[in-house]
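Chains as they are written, first to last, in the numbering used here: chain U, 3 to 353; chain B, 170 to 675.
For reference, the structure is listed below as structure tokens.
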Amino acid sequence: MNTYAKRLMWPVIILVALIVVNIAATGIDFIIPTVNDGRLGGAFVNILRRSAPLLLIALGMTLVIATKGIDLSVGAVYAIGAAIACQMIIEAPDQTALGLVFGAVALALVVTAVIGAWNGVMVAYFGVQPIVATLILMIAGRGIAQLITGGQIPKVQDASPFTELGRGSFLAVPLPIWIAALMLIAIALLTRKTALGMLLESVGGNPEASRLAGIRSKGITVLVYLVCSLCAGLAGLIGAANLGSADANNGGLWIELDAILAVVIGGTALLGGRFFLLGTAIGVMIIGTLDDTIINVGLSSQWQFTAKAIVVFVVALLQSPEFRGWILKPFKRQPDAPAPEPAPAEEVLAK
Amino acid sequence: MSDDPIVQMTGIRKDFTGVRALDGVDFTLRPGEIHAVMGENGAGKSTLIKVLTGVHTPDAGEIRLDGRPVRFHSPGAAQAAGISTVYQEVNLTDNLSVAENLFAGREPRLGPFINFRAMRRKAKALLDDIGIELNVAAPLSSYSIAMQQLVAISRAVDIEAKVLILDEPTSSLDRDEVNVLLGVMRRLAAKGTAMVFISHFLDQVYDIADRMTVLRNGQLVGEWTTAELPESELIGHMLGREAATLEQIERTAAAHHAAEEEPLMEVTGLGRRGSIAPYDLRVRRGEVVGLAGLLGSGRTETVRLIAGADRADSGKLRFDGKAVNGHNPRTASARGIAFCPENRKTEGLVGDLSVAENMILAMQASRGWARSIPVARRDKLVAEFIEKLDIRPGDPDMPVKNLSGGNQQKVLLARWMLIEPKLLILDEPTRGIDVGAKADIQRLVAELSSDGMAVLFVSAELDEVTRLSDRIAVLRDRELVAVLESEADMTTERIVDTIVSGGREA
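Below is the structure:
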């Protein structure tokens with residue numbers, strides 16, 4: 003089994019276990035999509051649809067974390083993206099104009115990309131620690147969103163094509179799922195079909211060695227924060243389109259923490275270096291499924307945070323080689339045939 | 170001196186996933202003796218030490234300490250039993266003060282509080298006793314690696330160790346510091362402390378060790394007293410072949426490169442304040458220019474300016490017929506200047522990435538991220554260099570951090586050879602690696618230069634510098650004091666004289 007499969011194994015097992023619990027509680031309908039009016043529905047499809055903004059943000063976050071960084075501003079950027087688009091649409095005389103909607107979306111994306119570039123420049127060129135650089139916008143961003151909306155919550159008419167971004171579907175599949183899936187593929191291709199992924203991992207794994215090898219690490223860092231912010235803006239647009247409004251205070255609140263969680267569950271270490279996009283996607287699905295699971299097994303919604311903490315705890319334990327060694331010990335044969343653990347193998351060769 | 174061994178290890182076996190690292194090794198350590206454990210990288214030295222210090226538990230065999238069988242399950246348990254270790258890499262906390270490092274975990278107390286005053290006083294006394302003078306209140310990071318090493322040793326000494334293990338303690342010390350350390354070791358031995366000494370520097374081993382145990386491929390070759398084992402035989406035992414390989418490398422390049430040819434690289438007045446005084450240096454194609462000097466003399470700083478790793482604040486650099494302005498590692502590599510930095514782990518390799526990825530890093534960086542090297546081409550190049558440089562294990566997908574020092578160095582060399590540079594800068598390429606890999610790298614340098622590549626070669630080992638170089642630049646106190654050109658000057662004695670006299674004719 004290669005490293006990639008090994009990293010994905012535990013998250014996949016957790017996800018499958020959660021799905022099995024749901025099926026046991028609510029029947030096989032949980033996983034089988036239904037078709038109403040030519041659109042896919044059903045519990046699991048809804049989970050995927052609701053998870054789309056989180057997936058977008060978590061994908062960007064994965065890249066940032068791969069460079070040893072972190073982006074705390076994604077929740078605020080989500081709110082800014084939503085605020086810009088909604089405000090522009092409600093100020094227009096005809097909210098149903100397609101050109102207006104495209105213009106609003108484009109403006110929101112450009113602004114969020116600029117915000118990302120700003121974060122990247124702070125980190126790469128001014129040497130500000132990522133957590134500090136993005137904390138600034140995490141706090142200021144919601145204020146900016148409030149200024150854009152004038153403190154109100156702009157409500158877009160249901161008739162505006164903008165809402166399709168959150169509620170619509172294409173070939174029976176909800177649009178948010180399309181957007182998130184396409185972004186996953188796009189980022190996977192961008193990083194794995196070019197050398198960007200390897201260079202990212204190199205910069206995250208050892209910045210100084212990368213600089214001396216001649217890698218443009220500053221440019222790469224800026225690019226990564228830009229992509230992350232752009233994803234957050236796009237997530238904000240989907241969220242706002244789904245609700246038909248932009249709430250500067252609560253839109254995307256705490257989503258940065260869920261995104262970081264998803265990345266970590268997916269096997270990417272916060273220390274930077276190797277990253278796993280597919281792992282992140284599975285992490286997002288675990289988080290998304292969890293909320294439904296709590297309701298489905300009959301727990302009250304107050305359990306939500308506690309249950310999430312428990313799942314994170316379990317995943318973290320399962321990913322720890324020490325814990326696995328400890329728990330698997332009784333099942334191991336005698337030390338003549340030691341189980342293939344990574345740590346000792348390193349030492350024998352590292353002499 | 171009692172002959173009852175303090176440590177007796179018999180029939181030690183240790184397996185790691187399919188690899189037998191130690192196979193029935195015996196090791197005996199007597200009180201007050203300095204015992205060198207010798208062997209190439211991968212011979213099992215580190216594993217033996219780790220078994221003794223409780224990092225690994227042996228799969229078979231017995232360890233007796235003071236005649237009683239013991240079994241250590243953690244380094245802490247071994248330390249409590251009186252076995253202290255000073256590792257190759259300094260294992261201290263940079264941003265704490267010297268005194269805090271010396272007494273971490275056993276601070277003098279005043280009720281619930283740490284008595285900093287007493288701690289500083291005790292620290293000062295301890296260092297005085299050993300013969301080094303430091304400001305004990307200053308953060309450890311304000312001292313050189315060498316000094317930090319001595320602090321680590323002082324700490325171990327003060328923990329009243331019965332057995333002190335010194336794993337490559339001298340690899341980053343200059344000559345004076347080595348002498349201080351060896352002096353400390355002798356004093357400790359006289360007091361009855363038994364010491365295990367691991368070092369790649371044979372002269373130091375012969376200088377200080379009473380006895381040697383030689384390992385090869387995880388097996389015991391034998392135990393000798395230093396007096397009964399001449400150096401050539403020792404190397405033969407370590408390599409398992411009658412090898413005087415190191416001596417065979419001949420300098421061939423120099424002669425046929427005419428002096429009037431325009432130099433590949435010409436530096437005038439290049440300098441950086443606080444780092445290296447302005448210097449002049451020329452390197453011709455096919456020439457190996459060595460840089461010699463003590464630790465801290467500015468060897469590394471000199472080459473870092475040429476490599477673009479640091480920015481020069483004065484002077485001019487001409488390379489390949491063109492003036493070079495505004496220089497960074499990327500533009501340097503584009504011009505054909507390759508730089509293998511001194512510190513493989515922190516500045517050279519990306520530990521988590523594979524051997525193959527580390528090798529192609531510079532090449533990929535020069536192409537930019539958008540133009541990925543095709544997989545087939547990449548695999549072919551990597552396989553070619555793994556074979557050419559004899560990198561072991563030859564698995565291109567293995568994380569590079571799992572390789573031994575010598576093999577890591579070869580991966581780093583391969584990275585730069587892939588871009589076919591015009592000038593290769595090697596900063597201490599043979600430090601801390603085994604004899605075999607050292608010979609390989611030296612041979613490679615000679616080969617590359619006879620193929621026309623210019624090489625700037627920094628090494629603390631004067632023998633190596635004199636053997637490989639066509640010309641030698643000598644540094645002292647962050648200043649390039651002389652360039653030795655004539656054949657007659659290419660001796661270690663001449664270099665030492667130059668360092669001592671500071672380049673002024675005596």
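Every residue, glycine too, gets a C-beta built ideally from N, C-alpha and C.
First through last residue of the beta strand (DSSP E) which encompasses residue i
| i | result |
| --- | --- |
| residue 180 (chain B) | 176-185 |
| residue 238 (chain B) | 237-239 |
| residue 666 (chain B) | Careful: residue 666 (chain B) lies outside any beta strand (DSSP E), inside the alpha helix (DSSP H) at 661-670. |
| residue 623 (chain B) | 623-627 |
| residue 290 (chain B) | No beta strand (DSSP E) holds residue 290 (chain B); the alpha helix (DSSP H) holding it covers 285-299. |
Residue i: contacting residues in chain U (beta-carbon distance under 7 Å)
| i | result |
| --- | --- |
| residue 636 (chain B) | Ordered by position in chain U, no residue passes the 7 Å Cβ test against residue 636 (chain B), which lies about 27 Å from the chain. |
Residue i to residue j span [Cα, whole Å]
| i | j | result |
| --- | --- | --- |
| residue 271 (chain U) | residue 314 (chain U) | 14 Å |
| residue 556 (chain B) | residue 563 (chain B) | 8 Å |
| residue 548 (chain B) | residue 318 (chain B) | 41 Å |
| residue 9 (chain U) | residue 189 (chain U) | 19 Å |
| residue 197 (chain B) | residue 608 (chain B) | 31 Å |
| residue 667 (chain B) | residue 231 (chain B) | 53 Å |
| residue 663 (chain B) | residue 647 (chain B) | 19 Å |
| residue 156 (chain U) | residue 89 (chain U) | 6 Å |
| residue 623 (chain B) | residue 509 (chain B) | 14 Å |
| residue 514 (chain B) | residue 567 (chain B) | 16 Å |
| residue 357 (chain B) | residue 338 (chain B) | 15 Å |
| residue 262 (chain U) | residue 63 (chain U) | 7 Å |
| residue 350 (chain U) | residue 213 (chain B) | Residue confidence for residue 350 (chain U) is low, a pLDDT of 38 falling below 50, so the modelled location carries little weight; the figure read from the coordinates is stated next. Distance between the alpha carbons of residue 350 (chain U) and residue 213 (chain B) is about 8 Å. |
| residue 299 (chain B) | residue 259 (chain U) | 52 Å |
| residue 222 (chain U) | residue 25 (chain U) | 44 Å |
| residue 658 (chain B) | residue 642 (chain B) | 11 Å |
| residue 411 (chain B) | residue 122 (chain U) | Caution is warranted here: a pLDDT of 42 is assigned to residue 411 (chain B), below 50, making its placement in the model unreliable, and the coordinate value is therefore given only provisionally. Roughly 58 Å between the two C-alpha positions. |
| residue 287 (chain B) | residue 140 (chain U) | 47 Å |
| residue 558 (chain B) | residue 636 (chain B) | 21 Å |
| residue 329 (chain U) | residue 319 (chain U) | 10 Å |
| residue 84 (chain U) | residue 294 (chain U) | 26 Å |
Residues that residue i bridges to, as DSSP identifies them
| i | result |
| --- | --- |
| residue 189 (chain U) | Beta-bridge pairing links residue 189 (chain U) to no other residue. |
| residue 483 (chain B) | B:440 |
| residue 488 (chain B) | B:434 and B:491 |
| residue 196 (chain B) | B:178 |
| residue 253 (chain B) | B:333 |
| residue 381 (chain B) | B:205 and B:393 |
| residue 506 (chain B) | B:592 |
| residue 38 (chain U) | U:41 |
| residue 157 (chain U) | U:247 |
| residue 450 (chain B) | B:436 |
| residue 653 (chain B) | B:641 |
| residue 176 (chain U) | U:171 |
| residue 458 (chain B) | B:625 and B:640 |
Enclosing alpha helix (DSSP H) for residue i [first to last residue]
| i | result |
| --- | --- |
| residue 350 (chain B) | 344-359 |
| residue 328 (chain U) | 323-330 |
| residue 635 (chain B) | 631-637 |
| residue 245 (chain U) | 219-245 |
| residue 355 (chain U) | Since the first residue shown for chain U is 3 and the last is 353, residue 355 (chain U) is missing from the structure and cannot be characterised. |
| residue 145 (chain B) | No information on residue 145 (chain B) is available, as it lies outside the stretch 170 to 675 that chain B covers here. |
| residue 33 (chain U) | Premise fails: residue 33 (chain U) is in no alpha helix (DSSP H) and is neither H nor E. |
Partner residues on chain U for residue i, Cβ-Cβ distance less than 9 Å
| i | result |
| --- | --- |
| residue 471 (chain B) | Chain U residues near residue 471 (chain B): none, gap ~16 Å exceeds 9 Å. |
| residue 515 (chain B) | 208, 210 and 211 |
| residue 510 (chain B) | 210, 211 and 214 |
Partner residues on chain B for residue i, Cβ-Cβ distance less than 8 Å
| i | result |
| --- | --- |
| residue 195 (chain U) | 541 |
| residue 222 (chain U) | 538 |
Partner residues on chain U for residue i, Cβ-Cβ distance less than 8 Å
| i | result |
| --- | --- |
| residue 584 (chain B) | 215 |
The ligand SAH heavy atom lying under 7 Å from the CB of residue i
| i | result |
| --- | --- |
| residue 262 (chain B) | With respect to the ligand SAH, the structure shown offers nothing to examine, as it has no ligands at all. |
Contacts of residue i in chain B (Cβ-Cβ under 9 Å)
| i | result |
| --- | --- |
| residue 200 (chain U) | 522, 526, 529, 530, 533, 538 and 541 |
Chain A within 8 Å of residue i, Cβ atoms only
| i | result |
| --- | --- |
| residue 257 (chain U) | The chain labelled as chain A is not found among the protein chains of the depicted structure, namely U and B. |
Which residues of the stretch 202-217 of chain U have a Cβ closer than 8 Å to any Cβ of chain B? Give them in chain order.
203, 204, 207, 208, 210, 211, 212, 213, 214, 215, 216 and 217
For the stretch 517-536 of chain B, which residues have a beta carbon sitting closer than 7 Å to at least one beta carbon of chain U?
517, 518, 519, 520, 521, 522, 526, 530, 531, 533, 534 and 535
Counting only Cβ-Cβ distances shorter than 7 Å, please list the residues of the stretch 475-503 of chain B near chain U, keeping chain order.
478, 498, 499 and 502
Where the stretch 275-288 of chain U meets chain B: residues whose CB sits under 7 Å from a CB there:
275 and 276
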